[in-house]
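Remarks on the structure that follows.
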Amino acid sequence: MTQQVESPMKKISVAKVVLNMGVGKSGEPIEKAKLALQQIAGQQPCPRFARATQRDWGVHKGEPIGVAVTLRKESAIQLIKRLFAAKGNQIKGSSFDDFGNVSFGIREHIDIPGVKYDPRIGIVGLDVSISLARPGF
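Oh and the sequence shown: position 36 is 36 in the working numbering, straight run, nothing missing.
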């Protein structure tokens, strides 16, 4: 019998995991989102700024309206396991794009194992985007 060897160029790996919280206004909600993301990821989140002014929503250009944190390598894989557990280890097929990347939302951050309720933060939701990579692409 011939033994088939898996090509190392076909090995798929996790490139990065991005956690995002779009708050929509600056001030206290941004600080709560920063605390929540720091509690989940263990890293300092980065603020995201408005690109344009939206008068109807009271958002001005350059104002911080969200926070995000990016994880790579082993810390990303450990976090993915916790995030999938929060979703019951099931992700809808519509969450995957044509390249195999996956995005989903978590309604309550306290569903993630290892995260406890903090009355300073309350209950917030977040978006998760997982980017996959393959050598040569």
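Note that CB positions come from ideal geometry on N, CA and C, so glycine has one too.
Taking the DSSP output, what are the residues bridged to residue i?
i: L35; result: Answer is none; L35 lacks a bridge partner.
i: T70; result: V18
i: R48; result: G66
i: Q54; result: V59
To the nearest angstrom, report how far apart residue i and residue j are at their CA atoms.
i: P45; j: K32; result: 11 Å
i: V59; j: E28; result: 15 Å
i: V126; j: G105; result: The question names Val, yet the displayed sequence has Leu at residue 126. Those two C-alpha atoms are separated by around 6 Å.
i: I121; j: L79; result: 20 Å
i: A133; j: I30; result: 31 Å
Does DSSP classify residue i as helix, strand or coil?
i: R120; result: coil
i: D127; result: strand
i: K16; result: strand
i: Q78; result: helix
i: I30; result: helix
Going by Cα to Cα distance, which pick from the options is closest to residue i?
i: A50; options: F96, P64, V102 and S75; result: P64
i: P135; options: V5, K10 and Q4; result: K10
i: V128; options: Y117, R107, R120 and F137; result: R107
i: Y117; options: L35, S131 and I30; result: L35
i: G62; options: P47, A133 and A41; result: P47
i: L71; options: I121, Q38 and I123; result: Q38
i: I40; options: V124, S94 and S131; result: V124
i: D97; options: E6, E74, G42 and S131; result: S131
For the ligand FMN, is there any heavy atom lying closer than 6 Å to the beta carbon of residue i?
i: D97; result: You won't find the ligand FMN in this model; it holds no ligand whatsoever.
At least one CB of chain C closer than 7 Å to the CB of residue i: is that the case?
i: A86; result: In the displayed structure, chain C is absent; only one protein chain is listed.
Any chance the region 98-118 sits against the region 72-86, with 3 or more Cβ pairs inside 8 Å? yes
Is it a yes or a no for the region 10-19 touching the region 46-55, going by three-plus beta-carbon pairs under 8 Å? no
Between the region 23-30 and the region 65-77, can you find at least three pairs of beta-carbon atoms closer than 8 Å? yes
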